[in-house]
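Residue numbers (our numbering): 25 to 222.
By construction, the Cβ of each residue, glycine as well, lies at the ideal position given by its N, Cα and C atoms.
I have placed the structure first, in the form of structure tokens, so that the comments after it can refer back to it.
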């Protein structure tokens, strides 16, 4: 949220995004309040149930319980501080990568535009339409870069280049980690115990 506000204030070409900054601030506050509420109303009666029960209702109850249990950290200010601080460190590294990629490809943008590109890239990549956000990520990032004054072909090349750099480590390390941990794909999808667990 802060990244959008900074970009709107410091990048002249990004001033048209002020409604997005306003809506983003409202959503961030509402999301934090919702997470705080859900973290406090965890349903402990689900905890004792058979975790591998079948059926859509059992799956939904189990996933809702896991979500509520994960959101309990939102009730501890110390944990929230560490999460926010860690996230800023990660985002700073990503902004530096975005900036380095822009410089390497000759993209003529203000350095203050790159935090905005990072926010837009993260939001676009989170939309669950395609695997790893392919297509959505590139289209959204290219559109924003063009709106900030860059050439369309150069913006598209930048978006593809950055997305490959962001996705490549996960594509390689994910399957290797699953093999090393002995994780059965059915366990991840359906919550079933694998032969390794029995």
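- Query: Using a Cβ-Cβ cut-off of 8 Å (strictly less than) and excluding sequence neighbours within five positions of residue 135, which residues of its own chain qualify?
  - Reply: 123
Fill in: Assigned exposure category for residue 55 - 16 Cβ within 10 Å defines buried
Around the CB of residue 55, fewer than 16 other CB atoms lie within 10 Å, so the residue is classed as exposed.
With H, G and I counted as helix, E and B as strand and the rest as coil, what does DSSP make of residue 128? Here residue 128 sits in helix by DSSP.
Practice problem: Assess, as a yes-or-no matter, whether the region 176-196 is touched by the region 154-163 under the definition of 3 or more beta carbon pairs within less than 8 Å. | Solution: yes
### Task
Verify whether the separation of the beta carbon atoms of residue 12 and residue 183 is less than 8 Å.
Absent from the model: residue 12. The displayed extent of the chain is 25 to 222, so no value can be given.
Contacting residues, own chain, Cβ-Cβ under 8 Å from residue 219 (five flanking each side not counted):
Confidence at residue 219 is low in this model, with a pLDDT of 48, below 50, so the placement of that residue should be treated as unreliable; the coordinate-derived value is given next. If we look at residue 219 and ignore the five residues flanking it on each side, its Cβ neighbours are 208.
task: Could you check the C-alpha separation between residue 127 and residue 203 for me, to the nearest Å?
output: One alpha carbon belongs to residue 127, the other to residue 203, and they sit about 37 Å apart.
Taking just the CA atoms, how far does residue 151 sit from residue 42? 22 Å
Checklist line | Residues near residue 168 in its chain [Cβ-Cβ closer than 7 Å; skip 5 each side] | finding: 141 and 144
If we call anything under 8 Å between Cβ atoms a contact, is residue 139 one with residue 31?
-> yes
Problem - Beta-carbon contacts of residue 176 that lie in its chain and below 8 Å, excluding the five residues immediately before and after - result: 166 and 170
Just the Cα atoms here: how many angstroms apart are residue 91 and residue 65? 11 Å
Can you have a look at residue 98 and say buried or exposed, based on whether 16 or more other CB atoms are within 10 angstroms of its CB?
Its Cβ being crowded by 16 or more others within 10 Å, residue 98 is buried.
**Asked** Given a threshold of 16 other Cβ atoms within 10 Å of its Cβ, counted over all protein chains shown, does residue 27 qualify as buried or as exposed?
**Response** buried
Less than 8 Å between the beta carbons of residue 174 and residue 133, yes or no? yes
* Asked: To the nearest angstrom, how far is it from the Cα of residue 195 to the Cα of residue 201?
  -> So the two alpha carbons sit approximately 11 Å from each other.
Problem set entry | Alpha-carbon spacing of residue 53 relative to residue 63, whole angstroms | The alpha-carbon separation between residue 53 and residue 63 amounts to approximately 15 Å.
| query | Does DSSP put residue 79 in a helix, in a strand, or in coil? | reply | coil
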